[in-house]
Amino acid sequence: MTGLRIGLTGGIASGKTTAAGRFAELGATVIDADEVARALVEPGTPALAEIVARFGDGVLDAERRLDRRALRERVFRDLGARRDLEAILHPRIRAEMARRTAAATGPYAILVIPLLIEGGPRDDIDRILVVDVTEDTQRRRLLERDRISAELADSMLAAQARRAERLARADDVLPNDGGPEALRAGVDALHRRYLALAAAHPSARPTGAAAPPDP
Numbered sequence: 027m028t029g030l031r032i033g034l035t036g037g038i039a040s041g042k043t044t045a046a047g048r049f050a051e052l053g054a055t056v057i058d059a060d061e062v063a064r065a066l067v068e069p070g071t072p073a074l075a076e077i078v079a080r081f082g083d084g085v086l087d088a089e090r091r092l093d094r095r096a097l098r099e100r101v102f103r104d105l106g107a108r109r110d111l112e113a114i115l116h117p118r119i120r121a122e123m124a125r126r127t128a129a130a131t132g133p134y135a136i137l138v139i140p141l142l143i144e145g146g147p148r149d150d151i152d153r154i155l156v157v158d159v160t161e162d163t164q165r166r167r168l169l170e171r172d173r174i175s176a177e178l179a180d181s182m183l184a185a186q187a188r189r190a191e192r193l194a195r196a197d198d199v200l201p202n203d204g205g206p207e208a209l210r211a212g213v214d215a216l217h218r219r220y221l222a223l224a225a226a227h228p229s230a231r232p233t234g235a236a237a238p239p240d241p
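Here you go:
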């Protein structure tokens, strides 16, 4: 079982996926809540059946698979709908991520959780890493990436914690207003730090052994 557990979060379009990909290249175990969610709503799953029962067939595509874009447009315009969706998915996502974390090996694991701050305190995370960009950068990247309306982009941004809230909860901050090389260098530096912290983690020491000094 992996010892040190890092919760990687950040606002939408901040670069979480890119950062997580670099951690994976460096050998870290990466468990992504969005990937888990996609697996949980495959055709024939209980979660998809509950979603259709709540939102109707309009959230399915021609192949009876979940139309994520259609569902997103529904829930980001309706707070009650979003809460209903979260009630269906979040307990399942959390349970599956816990299962994968328990099965993981290696010195540390990166748990990519977009709504980590919004979900309140958690006892399954040792440190919080925030991928940080300005809110103007978020909005611009979101519009370019998803080609959605400005109204929907603003609704999506408003549904998440504010930048100041994320930074207040962060143990580590990874700036991503620069280019890919800057992000890569930042991840590489954090990887070295996390290896040192993992070596000092209680799970890495025999019972009764003294902790090494903080790096």
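Heads up: the sequence shown is residues 27 to 241, going by this note's numbering.
Note that the Cβ used here is the ideal one computed from N, Cα and C, for glycine as well.
Keep in mind it's a predicted model, so treat the numbers as computed, not measured.
- DSSP places D58 in the strand class (E or B) of the three-state scheme.
- Where P201 is concerned, the enclosing beta strand (DSSP E) starts and stops at 198-201.
- Note on geometry: alpha-carbon atoms of R118 and V62 lie some 9 Å from one another.
- By the CB criterion at 9 Å, I151 and G53 fall outside the cutoff.
- DSSP places A176 inside the alpha helix (DSSP H), whose first and last residues are 176-184.
- Shortest Cα-Cα distance from L105 to any of A185, A65, A190 involves A185.
- Close CB contacts of M123 within its chain, under the 7 Å cut and outside five residues either way in sequence, are with I57, A59, V62, L137 (chain order).
- Between L221 and V213, the gap from beta carbon to beta carbon reaches 9 Å or more.
- The beta strand (DSSP E) runs of length 3 or more contained entirely in the region 41-126 are, from start to end of the chain, 55-58.
- Contact annotation: R195 and V156 have beta-carbon atoms nearer than 9 Å.
- Between G29 and P140, the C-beta spacing is not below 9 Å.
- Remark: C-beta atoms of L92 and V85 approach each other more closely than 9 Å.
- Within 10 angstroms of the beta-carbon of A130 lie 16 or more other beta-carbons, which makes it buried.
- Distance from the Cα of A208 is smallest, within the candidate group R48, G37, A179, for R48.
- For L97, the CB contacts under 6 Å within the same chain, skipping 5 residues up- and downstream, are V85 in chain order.
- In this structure, the straight-line span from the alpha carbon of M182 to that of D162 is close to 13 Å.
- For L209, the enclosing alpha helix (DSSP H) stretches over residues 206-226.
- According to DSSP, residue pairing for G33 in a beta bridge involves L137, I154.
- Between A187 and G82, the gap from beta carbon to beta carbon reaches 9 Å or more.
- The closest CA to that of R167, considering only A225, R103, T55, G204, is found on G204.
- Annotated three-state conformation of A190 is helix, per DSSP.
- If you draw a straight line from the Cα of L193 to the Cα of T44, it comes to about 19 Å.
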